[in-house]
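Asker: Protein chains in written order, with numbering that gives the first Met the number 0: chain A, 0 to 308; chain B, 0 to 193; chain C, 0 to 430.
Glycine included, C-beta positions come from ideal geometry on N, C-alpha and C.
Being a predicted model, the structure only gives us computed values, none of them experimental.
I'd like to ask some things about the structure below.
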Amino acid sequence: MMGRDLLAIEDLDRADLERILETAQRMEEVGRRDVKKVPTLRGRTLINLFFEASTRTRTSFEIAGKRLSADVVNFTPSSSSLKKAESILDTAMTLDAMAPDAVVVRHAVAGVPKRIADALEAPVINAGDGAHEHPTQALLDLFTVWQEKGRLDGLTVTIVGDIVHSRVARSNLYAFSKLGAEVRLAAPPTMLPPAVEALGVKAYTSLREALEGADVVMLLRIQQERLDGCFFPSIREYAATFGLDRAKLRYAKDDAIVMHPGPINRGVEIAHDLADRRPSVILDQVRNGVAVRMAVLYLFAGRNPRREG
Amino acid sequence: MTPSLDARVVLDDTAIRRALVRIAHELVEHNERLDELYLVAIPNGGVPLARSIAANLHQIADLEVPVGILDTTLYRDDLLSRGDRPPLRRTEMPSAVDGRVVVLVDDVVSTGRTIRAAMDALMDFGRPQAVQVVGLVDRGHRELPIKIDYVGKNLPTRRGERVELRGLAGGLEGPLEVVVRGDGEAGQPEGVTA
Amino acid sequence: MGRIVIRSGRLLDPSTGRDETCDLLVEDGRIAACGRGLPAEGALAIDATGAWVVPGLIDLHAHLREPGQEYKEDIASGGRAAVAGGFSAVACMANTHPVNDDPAVTEYILDRARHESPARVYPIAAATRGLAGEVMTEMSALVEAGVIAFSDDGKTIMDSGVMRRVLEYSGLVRVPVIVHAEDCTLVRDGVVNEGPVSTRLGLPGNPAAAEAILVARDLLLAELTGAHLHVAHVSTAAALELIRSARERGVHVTAEVTPHHLTLTDEATLGYDTNTKMAPPLRSERDVRACRAALADGTLDAIATDHAPHAVHEKDVEFTAAPPGVIGLETAVPVTLELVRAGDLTPLEWARRLSTNPARIAARPGGSLAVGAPADVAVIDPERRWRYDPAKGFSKSRNSPWAGREMIGRAIATLVEGRLVYDVERGVLVP
Numbered sequence: 000m001m002g003r004d005l006l007a008i009e010d011l012d013r014a015d016l017e018r019i020l021e022t023a024q025r026m027e028e029v030g031r032r033d034v035k036k037v038p039t040l041r042g043r044t045l046i047n048l049f050f051e052a053s054t055r056t057r058t059s060f061e062i063a064g065k066r067l068s069a070d071v072v073n074f075t076p077s078s079s080s081l082k083k084a085e086s087i088l089d090t091a092m093t094l095d096a097m098a099p100d101a102v103v104v105r106h107a108v109a110g111v112p113k114r115i116a117d118a119l120e121a122p123v124i125n126a127g128d129g130a131h132e133h134p135t136q137a138l139l140d141l142f143t144v145w146q147e148k149g150r151l152d153g154l155t156v157t158i159v160g161d162i163v164h165s166r167v168a169r170s171n172l173y174a175f176s177k178l179g180a181e182v183r184l185a186a187p188p189t190m191l192p193p194a195v196e197a198l199g200v201k202a203y204t205s206l207r208e209a210l211e212g213a214d215v216v217m218l219l220r221i222q223q224e225r226l227d228g229c230f231f232p233s234i235r236e237y238a239a240t241f242g243l244d245r246a247k248l249r250y251a252k253d254d255a256i257v258m259h260p261g262p263i264n265r266g267v268e269i270a271h272d273l274a275d276r277r278p279s280v281i282l283d284q285v286r287n288g289v290a291v292r293m294a295v296l297y298l299f300a301g302r303n304p305r306r307e308g
Numbered sequence: 000m001t002p003s004l005d006a007r008v009v010l011d012d013t014a015i016r017r018a019l020v021r022i023a024h025e026l027v028e029h030n031e032r033l034d035e036l037y038l039v040a041i042p043n044g045g046v047p048l049a050r051s052i053a054a055n056l057h058q059i060a061d062l063e064v065p066v067g068i069l070d071t072t073l074y075r076d077d078l079l080s081r082g083d084r085p086p087l088r089r090t091e092m093p094s095a096v097d098g099r100v101v102v103l104v105d106d107v108v109s110t111g112r113t114i115r116a117a118m119d120a121l122m123d124f125g126r127p128q129a130v131q132v133v134g135l136v137d138r139g140h141r142e143l144p145i146k147i148d149y150v151g152k153n154l155p156t157r158r159g160e161r162v163e164l165r166g167l168a169g170g171l172e173g174p175l176e177v178v179v180r181g182d183g184e185a186g187q188p189e190g191v192t193a
Numbered sequence: 000m001g002r003i004v005i006r007s008g009r010l011l012d013p014s015t016g017r018d019e020t021c022d023l024l025v026e027d028g029r030i031a032a033c034g035r036g037l038p039a040e041g042a043l044a045i046d047a048t049g050a051w052v053v054p055g056l057i058d059l060h061a062h063l064r065e066p067g068q069e070y071k072e073d074i075a076s077g078g079r080a081a082v083a084g085g086f087s088a089v090a091c092m093a094n095t096h097p098v099n100d101d102p103a104v105t106e107y108i109l110d111r112a113r114h115e116s117p118a119r120v121y122p123i124a125a126a127t128r129g130l131a132g133e134v135m136t137e138m139s140a141l142v143e144a145g146v147i148a149f150s151d152d153g154k155t156i157m158d159s160g161v162m163r164r165v166l167e168y169s170g171l172v173r174v175p176v177i178v179h180a181e182d183c184t185l186v187r188d189g190v191v192n193e194g195p196v197s198t199r200l201g202l203p204g205n206p207a208a209a210e211a212i213l214v215a216r217d218l219l220l221a222e223l224t225g226a227h228l229h230v231a232h233v234s235t236a237a238a239l240e241l242i243r244s245a246r247e248r249g250v251h252v253t254a255e256v257t258p259h260h261l262t263l264t265d266e267a268t269l270g271y272d273t274n275t276k277m278a279p280p281l282r283s284e285r286d287v288r289a290c291r292a293a294l295a296d297g298t299l300d301a302i303a304t305d306h307a308p309h310a311v312h313e314k315d316v317e318f319t320a321a322p323p324g325v326i327g328l329e330t331a332v333p334v335t336l337e338l339v340r341a342g343d344l345t346p347l348e349w350a351r352r353l354s355t356n357p358a359r360i361a362a363r364p365g366g367s368l369a370v371g372a373p374a375d376v377a378v379i380d381p382e383r384r385w386r387y388d389p390a391k392g393f394s395k396s397r398n399s400p401w402a403g404r405e406m407i408g409r410a411i412a413t414l415v416e417g418r419l420v421y422d423v424e425r426g427v428l429v430p
């Protein structure tokens with residue numbers, strides 16, 4: 000059985016993941032009704048504690064919470080450049096005083112949701128911590144592929160981009176591996192995490208090889224800051240070697256789908272003409288995000304296994 | 000699904016079929032606008048029963064009554080006080096609810112909370128003209144003022160006993176039976192509802 | 000000064016190789032006699048049955064935070080923590096506020112120590128002014144004021160030309176230059192050992208090569224200049240290989256290792272506890288094994304705690320923002336006794352690396368129980384079980400990875416200059 004918090008896909012087993020996906024499928028049906036609301040979390044409080052700004056993910060959690068009739072409160076702790084560090088204990092104690100039923104935390108530094116979870120009674124859901132994990136993104140990616148392909152076992156999933164700095168890549172590599180897919184990572188050598196093959200995946204510096212026979216191609220966003228950190232020489236070179244266009248996509252299977260957690264850099268990691276329609280399923284990912292987050296809230300909010308029999 | 004010495008069969012497959020035929024007749028007898036009927040099953044037990052009733056209505060009165068499935072889990076009043084979250088079941092509502100005479104179908108009715116949750120759910124789908132309730136077994140112990148319009152069998156039970164609808168061959172396909180288990184009996188309920 | 004007799008302990012004196020059960024008599028601040036059944040009227044008697052009697056431990060590397068950051072620790076509390084851990088002397092690093100790069104600051108520290116600290120305090124001065132890595136400090140004046148070594152610890156002198164001159168000039172005063180070896184252009188924002196653990200954690204990594212590259216550079220510079228280089232807190236197998244081969248070539252190099260680098264691997268950071276964040280970081284299983292082997296074969300000369308107090312509010316932040324470092328004076332004994340229990344070191348060799356060798360590197364008396372030696376003595380009960388609660392310790396800070404753990408082994412009495420300054424029942428007794 001799952002623990003009190005959802006901090007990392009690394010902590011979940013296959014049965015847990017399947018349970019969340021099945022629940023998400025039920026929640027998707029709720030999203031197709033006229034009245035897209037059920038009273039399940041009525042009178043419950045969900046706090047979005049986003050130290051790192053993110054309109055998409057926060058809005059997705061907010062909609063998910065409201066569809067379950069929860070009261071959603073958004074907390075964006077001030078991130079003035081003077082105040083470098085937030086006392087985690089102080090933050091947690093302030094929240095605890097409000098007796099929330101779930102706290103969704105996003106932070107630019109890995110490990111903060113775990114530290115908050117250690118200090119709080121309420122369940123904590125990790126909405127992204129540094130380069131560590133982004134569990135609900137991986138769950139909605141799993142769900143999207145499952146809906147498209149009808150299965151996950153035996154699929155080949157290729158993740159392309161700045162892997163070393165990507166929490167989406169990490170969560171996805173755990174998620175897809177646990178459900179029986181073969182996961183490949185493709186990136187310039189400077190962007191592959193040290194010893195990553197110990198996690199059961201294959202690392203490639205050739206995009207072509209990584210794409211051979213892939214069922215799913217997942218692209219990650221390239222950030223300008225990485226240029227300054229000397230991770231790659233120019234956007235132009237990145238786009239030429241690792242950007243996906245129709246020509247390179249031909250190495251993948253004919254019915255391969257293209258995914259991206261957003262926001263996309265058109266013309267960099269993905270060509271203009273690939274972004275907006277099949278085989279891209281990027282908009283499905285966004286839509287599925289609400290159903291998946293509703294499932295997560297259903298399964299985790301208001302639970303305290305320590306108090307349960 | 001091992002047969003338990005302590006489980007006694009209170010309705011066998013034949014008795015269930017007869018009851019469902021009788022209930023279909025009663026539905027026809029008590030409703031004027033038969034073309035507005037909409038059978039809505041509460042999973043899991045209500046599903047084979049509703050399908051059976053629909054087949055019976057087709058035979059008796061040449062009716063094509065739509066059958067919907069409405070999971071009530073998200074409307075339960077006891078979800079957050081429980082430990083584990085129960086699994087969600089499929090909801091499929093092929094027809095709109097507005098203006099319909101919705102006939103909720105459940106296998107075992109006890110406290111009435113499931114029927115109440117089903118009505119809450121139903122109201123989110125639209126505004127039925129009327130709501131009626133079919134319960135294959137009424138085992139009493141009401142906690143809410145819910146009445147069953149069409150009962151298969153009244154079955155007085157002790158609170159601690161468990162009453163469930165199950166298929167003889169596993170699942171809910173094929174022949175069915177209703178069994179009562181003694182207090183404290185472990186068992187995997189397929190159709191048990193509160 | 001009074002007489003103290005320590006009875007029936009297992010005497011371990013690395014300076015003479017002595018390892019036997021006997022009594023030790025202390026008088027007027029010196030070791031007076033050693034033998035069985037020593038007569039001792041009027042002497043305070045300490046029963047050391049079942050315990051070891053070793054020279055007072057000497058810590059070559061601690062941060063006492065005074066002057067300037069007394070909220071974390073000061074010379075008084077640091078001195079008390081030291082004697083509670085069996086240390087009769089502790090060397091304090093220069094990264095205070097103001098930096099100890101001037102004899103006035105050195106004299107201040109020594110004055111505070113004289114009045115407030117039950118343990119001896121040996122100041123280490125900065126190698127460059129303000130720790131800026133550019134201009135040398137006045138080594139001659141500082142040694143005269145009482146410093147035992149020079150170090151920019153906390154930082155590394157990245158300019159090789161400056162480091163060469165620092166090493167070269169140190170020949171004038173013949174004290175070691177202690178290097179905190181980290182190539183900061185390689186480390187960048189790394190906070191945990193680079194490897195599978197940093198990948199799982201999603202935190203920037205600090206590669207082992209960052210230490211090895213700097214150690215290689217400074218060994219070659221020491222060879223070039225003939226200086227005494229002392230490498231602080233070695234943590235990698237790569238650096239150890241370099242030190243070993245340099246020593247074989249005749250380079251004057253000594254090296255120390257911390258208790259945590261001998262017993263914890265980078266896997267300890269998997270829960271993001273900032274009390275597992277140190278500089279250098281905890282390393283791989285392979286590096287830990289190499290450190291243990293190097294300590295056993297003498298490549299590493301000494302164990303030094305790198306006691307680095309930080310306030311609770313400073314550590315209770317996200318991992319990347321927390322200052323690195325953990326306290327260690329009160330836990331060094333039980334943690335390093337694990338190596339004796341594992342068979343890596345004999346009790347005598349353990350005592351040598353915590354007392355005799357540090358005394359030699361610091362060029363100060365100590366590390367000996369020979370008759371006539373200053374009576375700095377520690378009585379260690381190697382079997383004593385206790386639960387470590389930093390809140391109940393003598394350090395002002397609590398940042399320890401061993402908080403709450405069951406420990407085996409403890410200092411039960413400490414003497415400095417013939418006075419009993421600590422016993423485990425009554426705590427610190429002076430000043």
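1. Inspect the CB distances between the stretch 114–125 of chain B and the stretch 7–15 of chain B and report whether three or more fall short of 8 Å.
2. Where in the stretch 187–273 of chain C do unbroken runs of the beta strand (DSSP E), each at least 3 residues long, occur, reported from the N-terminal end onward?
3. Kindly indicate if chain A contains any beta-carbon less than 7 Å away from that of C/THR413.
4. Pick helix, strand or coil for C/ILE5, following the three-state DSSP scheme.
5. DSSP on B/LYS152, reduced to helix/strand/coil?
6. For B/MET0, does the count of other Cβ atoms within 10 angstroms reach 16, so buried, or fall short, so exposed?
7. Please say whether A/ALA91 and A/ALA118 have beta carbons closer to each other than 7 Å?
8. Quick check on DSSP: helix, strand or coil for C/TRP401?
9. Where does C/THR184 land, buried or exposed, given buried means 16+ other C-beta within 10 angstroms?
10. Output the boundary residues of the alpha helix (DSSP H) element that contains A/MET293.
11. With DSSP run on the structure shown, which of helix, strand or coil describes C/GLY77?
12. Give the single residue among A/VAL200, A/ARG3 and A/LEU45 whose Cα lies nearest to the Cα of A/MET97.
13. Give me the chain B residues within the contact set of A/THR39, using Cβ-Cβ distance strictly less than 7 Å, ordered along the chain.
14. With a Cβ-Cβ cutoff of 7 Å, do A/LEU210 and A/ALA251 count as a contact?
15. On the three-state DSSP scale, how would you describe C/SER87?
16. Should C/LEU11 and C/ALA350 be called a contact, given that it needs their Cβ atoms to be closer than 7 Å?
17. Check this for me: beta carbons of B/ARG81 and B/ASP70, under 7 Å apart or not?
18. With a CB to CB cut of under 6 Å and the five nearest residues on each side skipped, what residues in its chain are close to A/MET26?
19. Under a Cβ-count criterion, where at least 16 other Cβ atoms within 10 Å of its own Cβ denotes burial, should A/GLN284 be classed as buried or exposed?
20. Please report the residue range of the beta strand (DSSP E) in which C/SER150 lies.
21. At least one CB of chain B closer than 7 Å to the CB of A/ARG25: is that the case?
22. Compare the Cα-Cα distances from C/LEU353 to each of C/SER14, C/GLY8, C/HIS251 and C/LEU218 and report the closest residue.
23. Touching or not, the stretch 111–118 of chain B and the stretch 51–60 of chain B, by the rule of three or more beta carbon pairs under 8 Å?
24. Quick one: which chain C residues come within Cβ less than 9 Å of A/LEU296?
25. If C/VAL339 sits next to C/PRO333, beta carbons under 8 Å apart, how far is it from one beta carbon to the other, in whole angstroms?
26. Closest to C/ALA442 by CA distance: which of C/LEU328, C/GLY201, C/ALA180 and C/SER87 is it?
27. What first and last residue would you give for the alpha helix (DSSP H) that runs through A/TYR237?
28. Does the Cβ-Cβ distance between C/GLU416 and C/ARG386 come in under 7 Å?
29. Give the secondary structure of C/ARG17 by DSSP, where H, G and I count as helix, E and B as strand, and everything else as coil.
30. Give the secondary structure of A/THR157 by DSSP, where H, G and I count as helix, E and B as strand, and everything else as coil.
31. Could you tell me whether the stretch 312–330 of chain C touches the stretch 363–372 of chain C, using the rule of 3 or more Cβ pairs below 8 Å?
32. Three-state secondary structure (DSSP) at C/HIS309?
33. Taking the Cβ atom as the reference point for each residue, do B/LEU164 and B/ASP106 lie within a distance shorter than 7 Å?
Answerer: Taking the definition as stated:
1. no
2. 228–230 and 252–256
3. no
4. strand
5. strand
6. Model confidence at B/MET0 stands at a pLDDT of 48, short of 50, so the residue's coordinates are unreliable; what they give is reported in the following sentence. Classification of B/MET0: exposed, given that the 10 Å Cβ count is below 16.
7. yes
8. coil
9. exposed
10. 281–299
11. helix
12. A/LEU45
13. LEU73 and LEU78
14. yes
15. strand
16. yes
17. no
18. ALA290, MET293 and ALA294
19. buried
20. 148–150
21. yes
22. C/SER14
23. no
24. The contacting residues do not exist; A/LEU296 stays about 24 Å from chain C at best.
25. With 8 Å as the limit, C/VAL339 and C/PRO333 do not qualify as a contact, their Cβ atoms being about 11 Å apart.
26. Here chain C covers residues 0 to 430 and nothing more, so residue 442 of chain C does not appear.
27. 234–241
28. no
29. strand
30. strand
31. no
32. coil
33. yes
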